[in-house]
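Beneath this line is the structure, given in structure tokens, with notes to follow.
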Amino acid sequence: MIVETTRTGEPGASPATDPATGTPPARVRGTGSAREGAEHWWHERLSSVAVLMLFVWLIVSLLRLPVLDHRGVTEWLRDPLAAVPMLLLILATFWHLKMGLQVIVEDYVHDEGNRFLTILLLNFAAVGAAAFALFAVVKIAFAAAGIAR
Amino acid sequence: MSRNPNRPLSPHLGVYKWGPHMLVSILHRVTGAGLATVGAAALVWWLVAAASGEEAYEGFAGWATSWLGIAIAVGLSWAFFQHLLSGLRHLVMDIGAGFEIRGNKFWATMTLAGSILLTAALWLYIVMVRGA
């Protein structure tokens, strides 16, 4: 990186570089681009297509089930062809909703401290809820083999 | 945050004329937030109840088939279809297409009509065919 070190502006002007490190202040304070915006944007689109396909599968599957009582649903989820898409659905859905809610928080929570805390709690809540849902599906699916009964 | 009062502010939402494209854009966020909170909670409750046994599942089913539960389910299904259709519209706009004002407004209106149509079709199917 080329750093401008020779600037001597009039008194009171903010220096282009930190005199001690030779680094622009914006870079020291971390106020520049994180260079991860495109990745977040792309993951939002990628997960949206996954969520779309998996929810079409879920809705069609549930409408085709003869009964939606406890027995009907758990027997259906014991089939790997139902349990695996359901696990993928949970992963894709909570990944997608975490990113979507985070963008809303970034837009409307202006105070830096509150924003950091809200995003922290949002990430914990999304991962925690996804973990419970994943565990529930795994428990139902493995009960078929007599492992978790 | 400090602001120089001599500098003009950019006009806020209130000054714009409402149109279908503006409504759909806001609805995408509103429905997304609703699905991400109420919808996700319902999904986790359903799965955990199913894994916990018959009694817990009856508890969930009792709520889900109450009038309040059905009202929430209808609302969630509409939110799902609206978010799905406006999401597809966003994917088209992401490739740089559909920005001409007439086409943009037309497809925004179509997502609104489509979500109501799909919601009605889903619940008609549930009531008429499944008899639930």
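Protein chains in written order, with this note's numbering: chain A, 1286 to 1434; chain B, 583 to 714. A virtual CB, placed ideally from N, CA and C, is assigned to each residue, including glycine.
* Interface residues of chain A around B:G614 at Cβ under 7 angstroms? -> Residue mapping note: residue 614 of chain B aligns to position 32 of the second sequence, counting from 1. What B:G614 touches in chain A: G1385.
* Any residues in the region 1342 to 1354 of chain A with a beta carbon nearer than 9 angstroms to a beta carbon of chain B? Which ones, in chain order? -> Within the region 1342 to 1354 of chain A, I1344, L1348, L1353, D1354 place their CB atoms closer than 9 angstroms to a CB of chain B, listed in sequence order.
* Asked: CA-CA distance, B:G651 and A:Q1387?
  -> Position 69 of the second sequence holds residue 651 of chain B. Position 102 of the first sequence holds residue 1387 of chain A. Approximately 28 angstroms, taken between the alpha carbons.
* Per DSSP, what kind of secondary structure is A:P1309 in: helix, strand or coil? -> Residue 1309 of chain A sits at position 24 when you count from the first residue of the first sequence. Judged by DSSP in its simplified three-state form, A:P1309 adopts coil rather than helix or strand.
* Asked: Within the 8 angstroms Cβ cut-off, does B:G601 reach chain A?
  -> Here the question's residue 601 of chain B lines up with position 19 in the second sequence. Residue-level contact by beta carbon fails for B:G601 and chain A, as no gap is shorter than 8 angstroms.
* **Best match in B:V674, B:L700, B:F662, B:V626 for proximity to A:L1419 [C-alpha to C-alpha]** => On the first sequence, position 134 is the one that residue 1419 of chain A refers to. Nearest option by C-alpha distance: B:V626.
* Asked: So which residues on chain A does B:A632 lean against when the C-beta distance must stay under 8 angstroms?
  -> Mapped onto the second sequence, residue 632 of chain B falls at position 50. Ordered by position in chain A, the residues that pass the 8 angstroms Cβ test against B:A632 are H1355, V1358, T1359, L1362, A1421, I1425.
* Asked: Does the beta carbon of A:N1399 come closer than 8 angstroms to any beta carbon on chain B?
  -> On the first sequence, position 114 is the one that residue 1399 of chain A refers to. Taking Cβ atoms only, chain B never reaches closer than 8 angstroms to A:N1399, which makes this a no.
* Count the other C-beta atoms from every protein chain shown that fall within 10 angstroms of the C-beta of B:T619, then say buried if there are 16 or more, exposed otherwise. => For this step, residue 619 of chain B is matched to residue 37 along the second sequence. Exposed, because fewer than 16 other Cβ atoms sit within 10 Å of the Cβ of B:T619.
* Asked: How is B:T613 classed by DSSP in three states: helix, strand or coil?
  -> Against the second sequence, residue 613 of chain B aligns to sequence position 31. DSSP places B:T613 within a helical segment (H, G or I) once states are collapsed to three.
* Is the CB of B:S648 under 8 angstroms away from at least one CB in chain A? -> Within the second sequence, the letter at position 66 stands for residue 648 of chain B. Among the CB atoms of chain A, none fall inside 8 angstroms of the CB of B:S648.
* **3 or more residues per run - each beta strand (DSSP E) lying fully within the region 1325 to 1369 of chain A** => Secondary structure remark: continuous beta strand (DSSP E) runs of at least 3 residues inside the region 1325 to 1369 of chain A: none found.
* **Reduced DSSP category for B:Y639 - H, G, I as helix; E, B as strand; rest coil** => Taking the second sequence and counting its residues from 1, one reaches residue 639 of chain B at position 57. Three-state DSSP puts B:Y639 in a helix.
* Asked: Can you name, in chain order, every residue of its own chain whose Cβ lies under 7 angstroms from the Cβ of B:F642, other than the five neighbours on each side?
  -> To locate residue 642 of chain B, count along the second sequence from 1; it is residue 60. The residues are W627, W628, A631.
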